[in-house]
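J.:
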Amino acid sequence: MTVAASTRADPDQADIVLDDLELTFETDRGRLTALQGVTTSVASRGFVTIIGPSGCGKSTLLRVIADLLEPTAGSVSVLGVDPEEVRRARQIGFVFQDAALLDWRTALDNVKLPLEVGGGVPAGTEPADPVAMLELVGLGGRAQAYPHELSGGMRQRVSIARALVCNPRILLMDEPFGALDEITRDKLNTELLRVWQDTGTTIVFVTHSIPEAVYLSQKVIVMSANPGRVREVVDIDLPFPRPADIRESQRFATIAAHLRGLLEG
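Numbering-wise, the sequence shown is residues 1 to 265 according to full-length UniProt numbering.
Dropping the structure here:
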């Protein structure tokens, strides 16, 4: 049984296109190359996960896409334009490992925050209803709860709702479930797939978990370190919707073993 793979994703109908991307930093010990020769793409409405060893540039790559870091060489196109234009239009949402909610604001008020800061939503952009976003992530009954009254998984649901309230075309997620227990993590994986299918948002997701990558993704970008490069792009040919017990299937195990071999090789 084989696993479909490629080193270059098809850029047709792509929301994100990276071409020969390089990023270097100046440090006390000299120049550090974090990313080198990164060429790949993410299809519109796609769900792509990035995995790789610590220090291979997974989070750095997300920050380049989000216009939080400027590449040293190569190019990055988001929705067909420069990432800065997309960021200014609030078309990129970002979810971090830490939910980073404001303790003195309710869940609903935390979701509303992007609509109130930075000049609000740009002209011509139609924001989502914050109440509807909480309902979308399964927290419709906890709108008036404060962060200390919510579990870790619930706080991450609030952070996802907050990232979606500006109706972004692209959602970047940097190990958002990494600190959660396995049961909560599996449940949120299922919920995230439902949100993705309901919203049609393009998602790029970073994780260290091979099973999480296989369960969530249409494609997995496997990176190698020193410097960070795309080693392989693997198609996850499991059907949607994906029930929880698909993790027990032989096909799931075969794909996971292939990804593990790439990481260990």
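Ideal Cβ positions, reconstructed from N, Cα and C, are used throughout, including at glycine.
#1: Express the C-alpha separation of T190 and F240 in angstroms, rounding to a whole number.
#2: Can you determine whether any heavy atom of the ligand NAD sits closer than 8 Å to the C-beta of S159, and answer yes or no?
#3: From Q97 to R169, what distance separates their C-alpha atoms?
#4: Under the rule that 16 or more other beta-carbon atoms within 10 Å means buried, what is F205, buried or exposed?
#5: Can you grab the Cα-Cα spacing for the pair D235 / G261, in whole Å?
#6: Could you give the uninterrupted runs of the beta strand (DSSP E) lying entirely in the stretch 172-221, keeping only those of 3 residues or more?
#7: With distances taken between CB atoms, is the gap from P176 to L102 smaller than 9 Å?
#8: What's the gap between the Cα of residue 266 and the Cα of I92?
#9: What span of residues does the alpha helix (DSSP H) with T254 cover, start to end?
#10: By the 10 Å Cβ neighbour count, where 16 or more other Cβ atoms means buried, how is W104 classified, buried or exposed?
#11: Got a sec? Which residues, its chain only, sit under 7 Å from M1 by beta carbon, not counting five neighbours each side?
#12: Would you report the Cα separation of I183 and A99, rounded to the nearest angstrom?
T.: Taking the structure as given:
#1: 11 Å
#2: Of the ligands one can find in the structure shown there are none, so the ligand NAD has no counterpart to examine.
#3: 21 Å
#4: buried
#5: 15 Å
#6: 202-206
#7: no
#8: The requested residue 266 does not occur in the structure, where the chain is confined to residues 1 to 265.
#9: 250-264
#10: exposed
#11: Because M1 sits at a pLDDT of 33, beneath the cut-off of 50, its placement in the model cannot be relied upon, and the point is left open.
#12: 18 Å
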